[in-house]
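Just below is one structure, and these are the notes that go with it.
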Ligand SMILES: Cc1cc2nc3c(=O)[nH]c(=O)nc-3n(C[C@H](O)[C@H](O)[C@H](O)COP(=O)(O)OP(=O)(O)OC[C@H]3O[C@@H](n4cnc5c(N)ncnc54)[C@H](O)[C@@H]3O)c2cc1C
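Residue numbers (the numbering used here): 24 to 426.
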């Protein structure tokens with residue numbers, strides 16, 4: 024059993040790497056475990072242009088974070104999947120992994136987020152994948168996902184990844200809504216989707232979308248826009264964004280051959296007789312993200328349901344501490360946000376743990392408070408806002424949950 028550390032961080036994404044760096048700089052012996060073959064988490068797939076024109080290259084950002092953590096003395100082990108954890112009698116933790124057991128007085132869970140499924144007939148055909156899988160294949164594995172695809176679902180993540188697929192020269196026939204069903208919720212409602220356009224308007228190189236979206240704040244203007252919205256869609260990066268069309272079925276014999284789509288009313292109801300076939304050899308389903316928090320549940324951490332943060336989140340305070348002694352959380356496990364916010368949260372968690380553990384160069388409370396302020400500032404400035412009410416719902420969570 025590996026017992027030689029003060030802190031085990033589960034997940035070497037931006038949150039885990041930043042936490043490992045600040046905790047190790049404060050003098051803790053830190054071990055970072057990740058089940059993937061490379062550290063970096065979801066950063067490895069990210070590539071987009073910031074409003075000022077600079078490029079956010081996730082691979083480069085991940086390299087810098089890895090270097091920072093290693094230079095501070097943290098040890099990173101990849102290919103290690105944590106399957107369970109339990110409190111020990113001496114108030115520490117035992118972690119079970121595919122590589123044996125590990126022990127540590129403190130554990131930080133930084134396991135990130137997962138994609139929600141949005142099922143529809145034909146979704147088990149070869150060639151159907153989640154939009155995140157398309158991002159990983161394109162930007163991490165450098166595999167071409169297909170010749171011509173259809174994206175089902177319009178949300179922040181879909182827009183970011185459509186732009187990445189286009190940069191890689193991949194052809195997309197259209198972005199359409201998912202069919203209305205028990206799981207699709209507001210993602211199949213054209214008005215709700217149009218309202219959310221404003222959050223990804225800055226990602227859109229199309230001026231009509233970018234500036235037009237800002238005018239769609241009121242329900243009345245949204246209604247007019249929906250009634251006038253062209254059925255063939257408005258082009259974004261050369262891809263028609265078809266807000267008045269939904270997927271009915273993914274069609275194919277042995278693999279994807281296309282998608283059956285139908286026009287919808289402004290309320291999202293399919294219009295009978297409007298069905299048509301759209302040829303494609305791959306389909307990306309964009310169902311949104313939720314915090315990947317099973318390990319926190321296994322550890323006995325209580326949860327709250329906060330839709331603005333992506334679903335069920337482990338109870339934690341602004342300092343990233345949970346009510347379970349020695350257990351901390353950071354990054355998307357606490358709510359779905361962008362990588363820059365995850366980095367800032369990771370720093371807070373690393374400092375808080377070093378403070379609790381009375382590490383050799385532990386920060387004082389003022390330094391932790393300052394790091395918490397940075398999280399808020401970065402959240403406010405984030406290019407990718409997964410939900411408009413993140414800041415408010417976090418403030419509410421931290422007010423009711425003083426850990
Ligand atoms: C598919 C997908 C695509 C995304 N694309 C973008 C994007 O383009 N732009 C953007 O701003 N945000 C994107 N996000 C949001 C993204 O999660 C954050 O930007 C950021 O990467 C979150 O950082 P994190 O450290 O919390 O988690 P992650 O970056 O997700 O890192 C979590 C790490 O934990 C590891 N892990 C999980 N469970 C275990 C376990 N049991 N044992 C060991 N290791 C484990 C994973 O392998 C992973 O490396 C995406 C999220 C997903 C799920």
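Note that the Cβ used here is the ideal one computed from N, Cα and C, for glycine as well.
Would you say the segment 97–109 touches the segment 118–126, given that touching needs at least three Cβ pairs under 8 angstroms?
Under the three-pair Cβ rule at 8 angstroms, the segment 97–109 counts as touching the segment 118–126.
Straight-line Cα distance separating residue 40 from residue 153
Here residue 153 corresponds to residue number 130 of the chain shown, with the count starting at 1. Here residue 40 corresponds to residue number 17 of the chain shown, with the count starting at 1. For residue 153 and residue 40, the distance between alpha carbons rounds to 26 angstroms.
Using 7 angstroms as the cut-off, classify the Cβ of residue 184 as near or not near the heavy atoms of ligand 1, replying yes or no.
Position 161 of the chain shown, counting from 1, holds the residue named residue 184. At least one heavy atom of ligand 1 falls within 7 angstroms of the beta-carbon of residue 184.
What's the gap between the Cα of residue 406 and the Cα of residue 183?
Position 383 of the chain shown, counted from the first residue, corresponds to residue 406. Position 160 of the chain shown, counted from the first residue, corresponds to residue 183. Straight across, the Cα-Cα distance linking residue 406 with residue 183 is about 11 angstroms.
Segments assigned beta strand (DSSP E), at least 3 residues, entirely inside the segment 45–72
The segment 45–72 contains these whole beta strand (DSSP E) runs: 53–57 and 70–72.
Residue from 408, 200 and 420 with nearest C-alpha to residue 255:
Position 232 of the chain shown, counted from the first residue, corresponds to residue 255. When each option's Cα is compared against that of residue 255, the closest is 200.
If you check the beta carbons only, do residue 273 and residue 286 fall under 8 angstroms apart?
The residue you call residue 273 lines up with position 250 of the chain shown. The residue you call residue 286 lines up with position 263 of the chain shown. Going by C-beta atoms, residue 273 is not nearer than 8 angstroms to residue 286.
Collapsed DSSP secondary structure at residue 421 in the structure displayed
Stepping through the chain shown from its first residue, residue 421 is reached at position 398. In the structure shown, residue 421 sits in a helix (DSSP, three-state: H, G or I).
Residue 192 versus 276, 176 and 172, residue with shortest Cα-Cα distance:
For the purposes of this step, residue 192 is identified with residue 169 of the chain shown, where counting begins at 1. Of 276, 176 and 172, the smallest CA-CA separation from residue 192 is found for 172.
Backbone CA spacing between residue 289 and residue 212 [nearest angstrom]
By one-based count along the chain shown, residue 289 stands at place 266. By one-based count along the chain shown, residue 212 stands at place 189. Between the alpha carbons of residue 289 and residue 212 lies a gap of roughly 8 angstroms.
For residue 311, the nearest candidate out of 219, 62, 114 and 110 (CA to CA):
As a first step, residue 311 must be located in the chain shown, where it is residue number 288. Cα-wise, what sits closest to residue 311 is 219.
Scan the segment 281–343 and note each continuous alpha helix (DSSP H) run of 4 residues or more that stays entirely inside, going in chain order.
The segment 281–343 contains these whole alpha helix (DSSP H) runs: 317–321.
Rounded to whole angstroms, how far is the Cβ of residue 134 from the Cβ of residue 34, which I believe are closer than 8 angstroms?
Within the chain shown, numbered from 1, the residue matching residue 134 stands at position 111. Within the chain shown, numbered from 1, the residue matching residue 34 stands at position 11. A Cβ-Cβ separation of about 5 angstroms places residue 134 in contact with residue 34 under the 8 angstroms criterion.
Short of 6 angstroms in beta carbon distance, which residues of its chain neighbour residue 291, apart from the five on each side in sequence? Order them along the chain.
In the chain shown, the residue the question calls residue 291 occupies position 268. Taking C-beta separations shorter than 6 angstroms and ignoring five residues to either side along the sequence, the partners of residue 291 in its chain run 203, 211, 212 and 213, following chain order.
Three or more beta-carbon pairs under 8 angstroms between the segment 318–336 and the segment 124–143, yes or no?
Three or more Cβ pairs closer than 8 angstroms define a contact, and the segment 318–336 meets that threshold against the segment 124–143.
Can you give the Cα-Cα distance for residue 309 and residue 98, rounded to whole angstroms?
Position 286 of the chain shown, counting from 1, holds the residue named residue 309. Position 75 of the chain shown, counting from 1, holds the residue named residue 98. When rounded, the distance between both Cα atoms is 35 angstroms.
List the whole-angstrom C-beta distance separating residue 128 from residue 29, where the pair is believed to meet the contact cut-off of C-beta under 8 angstroms.
Here the question's residue 128 lines up with position 105 in the chain shown. Here the question's residue 29 lines up with position 6 in the chain shown. Correct: roughly 6 angstroms between the Cβ atoms.
Pairing CB atoms from the segment 43–56 with CB atoms from the segment 374–387, are three or more of them under 8 angstroms?
Yes, the segment 43–56 touches the segment 374–387.
Does the beta-carbon of residue 261, which I'm using as the reference point, lie nearer than 7 angstroms to any heavy atom of ligand 1?
Here residue 261 is taken as the residue at index 238 of the chain shown, counted from 1. Flag unset: Cβ of residue 261 not near ligand 1.
Just confirm the distance between the C-beta atoms of residue 126 and residue 147, as a whole number of angstroms; I'd bet it's less than 8 angstroms.
The residue you call residue 126 lines up with position 103 of the chain shown. The residue you call residue 147 lines up with position 124 of the chain shown. Taking the Cβ atoms as the reference, residue 126 lies roughly 41 angstroms from residue 147, outside the contact range of under 8 angstroms.
Is residue 33 near ligand 1 - that is, is its Cβ less than 7 angstroms away from at least one heavy atom of it?
In the chain shown, residue 33 corresponds to position 10, counting from 1. Checking every heavy atom of ligand 1 against the Cβ of residue 33, one is found closer than 7 angstroms.
What do you reckon, is the C-beta of residue 373 under 7 angstroms from a heavy atom of ligand 1?
The residue given as residue 373 occupies position 350 in the chain shown. Flag unset: Cβ of residue 373 not near ligand 1.
For residue 400, the first and last residue of its enclosing alpha helix (DSSP H):
Counting from 1 along the chain shown, the entry for residue 400 is found at position 377. 388–404 is the extent of the alpha helix (DSSP H) around residue 400.
Output the boundary residues of the beta strand (DSSP E) element that contains residue 153.
Position 130 of the chain shown holds residue 153. That run of the beta strand (DSSP E) goes 151–153.
Residues bridged to residue 127 (per DSSP):
Residue mapping note: residue 127 aligns to position 104 of the chain shown, counting from 1. Looking at the DSSP assignment, residue 127 forms a beta bridge with 116.
Nearest-angstrom beta carbon gap, residue 42 and residue 370 [assumed within contact, 8 angstroms]
Position 347 of the chain shown holds residue 370. Position 19 of the chain shown holds residue 42. Contact check for residue 370 and residue 42: beta-carbon distance about 7 angstroms, within the 8 angstroms limit, so the pair qualifies.
Close-in-space but distant-in-sequence residues of the same chain around residue 166 (CB under 7 angstroms, 5 per side omitted)
Along the chain shown, one-based indexing puts residue 166 at 143. Contacts found: 160.
Going by DSSP in three states, residue 80 sits in which element: helix, strand or coil?
Here residue 80 is taken as the residue at index 57 of the chain shown, counted from 1. Assigned with DSSP and collapsed to three states, residue 80 falls in strand.
Regarding residue 99 and ligand 1, is the C-beta to nearest heavy atom distance less than 7 angstroms?
Residue mapping note: residue 99 aligns to position 76 of the chain shown, counting from 1. Residue 99 Cβ: outside cutoff for every heavy atom of ligand 1.
Work out the CA separation of residue 305 and residue 37 for me, nearest whole Å.
Numbered from 1 along the chain shown, position 14 holds the residue referred to as residue 37. Numbered from 1 along the chain shown, position 282 holds the residue referred to as residue 305. Whole-angstrom Cα-Cα distance: 30 angstroms.
Does at least one heavy atom of ligand 1 sit under 7 angstroms from the Cβ of residue 138?
In the chain shown, the residue the question calls residue 138 occupies position 115. It does: the Cβ of residue 138 is within 7 angstroms (strictly closer) of some heavy atom of ligand 1.
Neighbour-count burial assignment, residue 70, 16 or more Cβ in a 10 Å radius
As a first step, residue 70 must be located in the chain shown, where it is residue number 47. Classification of residue 70: buried, given that the 10 Å Cβ count is 16 or more.
Pull up the DSSP beta-bridge partners for residue 26, would you.
Indexing the chain shown from 1 puts residue 26 at position 3. The partner list for residue 26 (beta bridge, DSSP) is empty, contrary to what the question assumes.
At least 3 beta-carbon pairs within less than 8 angstroms: the segment 388–404 vs the segment 413–424:
The segment 388–404, when compared against the segment 413–424, does touch it at the 8 angstroms Cβ threshold.
Let me know the secondary structure DSSP gives residue 148 once reduced to three states.
One-based indexing of the chain shown puts residue 148 at position 125. Residue state for residue 148 is assigned as coil, using DSSP reduced to three classes.
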